[in-house]
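Student: Please read through the structure below; I'll follow up with questions.
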C-alpha cells in the first residue's frame with residue numbers, strides 16, 4: 001500500500017516537471033539576429049530557480065542541454081573537450097553557455113561604439129572617475 005501511495009504522490013510532481021520542461025523552447029543561437037544565451041536564460045531563469053528547485057544540479061543540466069539545438073550542443077560540447085558537459089554544476093553550465101553563446105559584435109561595431117564615447121562637461125581630463 002505504501003508503494004502505491006508513493007507512486008501516486010510522485011506522479012503529480014513528475015507530471016508538473018514534464019509540463020515545465022515542455023514549456024521551455026529550444027535555444028538556437030543566432031548572433032547576427034541578436035539571439036544569445038543570456039536573453040534566453042533570463043526568460044526561463046524563474047522556471048529553473050523556483051519551479052524546478054527540487055531537482056538536483058545534474059537533472060537541471062540535463063534539461064538545459066536537451067534544450068540546446070543540435071549545432072549549439074555540439075559547439076558547447078567541443079568547448080569542454082575532453083571533459084563531459086554533464087560533469088559540471090548548473091551555475092557553471094549557465095556561466096559557460098553565456099560565454100559560448102554571447103552577443104557578438106563586429107570589429108567595426110566595437111570601434112564605432114568606442115568613437116561614440118564622449119566626455120561629460122564636468123569630467124576632469126586628468127582625473128578619471
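Residue numbers (full-length UniProt numbering): 1 to 129.
C-beta: ideal position from N, C-alpha, C; glycine also.
Values in this document were obtained by computation on a predicted structure and should not be read as measured data.
#1: List the whole-angstrom C-beta distance separating residue 34 from residue 103, where the pair is believed to meet the contact cut-off of C-beta under 8 Å.
#2: Going by Cα to Cα distance, which pick from 90, 98, 25, 74 is closest to residue 56?
#3: Measure the alpha-carbon distance for residue 124 versus residue 114 and round it to whole angstroms.
#4: Tell me the residue span of the alpha helix (DSSP H) that contains residue 98.
#5: Please state the DSSP three-state secondary structure of residue 35.
#6: Just grab the DSSP bridge partners of residue 27 for me.
#7: Looking at the unbroken alpha helix (DSSP H) that takes in residue 109, where does it start and where does it end?
#8: Between residue 37 and residue 79, is the Cβ-Cβ spacing less than 7 Å?
#9: Quick check on residue 120: does DSSP put it in helix, strand or coil?
#10: Classify residue 110 as buried or exposed, calling it buried when 16 or more other Cβ atoms lie within 10 Å of its own Cβ.
Tutor: By the coordinates alone:
#1: Indexing the chain shown from 1 puts residue 34 at position 34. Indexing the chain shown from 1 puts residue 103 at position 103. So it is a contact: roughly 7 Å between Cβ atoms.
#2: The residue labelled residue 56 in the question sits at position 56 within the chain shown. Ranking the options by Cα distance to residue 56, first place goes to 90.
#3: Within the chain shown, numbered from 1, the residue matching residue 124 stands at position 124. Within the chain shown, numbered from 1, the residue matching residue 114 stands at position 114. C-alpha separation (whole angstroms): 19 Å.
#4: The residue given as residue 98 occupies position 98 in the chain shown. Per DSSP, residue 98 belongs to the alpha helix (DSSP H) from 90-100.
#5: Taking the chain shown and counting its residues from 1, the one referred to as residue 35 is at position 35. In the structure shown, residue 35 sits in a strand (DSSP, three-state: E or B).
#6: Along the chain shown, read from residue 1 onward, the residue named residue 27 stands at position 27. Answer is 68.
#7: Locating residue 109 in the chain shown gives position 109, where the first residue counts as 1. 107-115 is the extent of the alpha helix (DSSP H) around residue 109.
#8: Counting from 1 along the chain shown, the entry for residue 37 is found at position 37. Counting from 1 along the chain shown, the entry for residue 79 is found at position 79. Not a contact, by the Cβ cut-off of 7 Å.
#9: Taking the chain shown and counting its residues from 1, the one referred to as residue 120 is at position 120. Residue state, collapsed to three classes: coil.
#10: Here residue 110 corresponds to residue number 110 of the chain shown, with the count starting at 1. With fewer than 16 other Cβ atoms within 10 Å, it is exposed.
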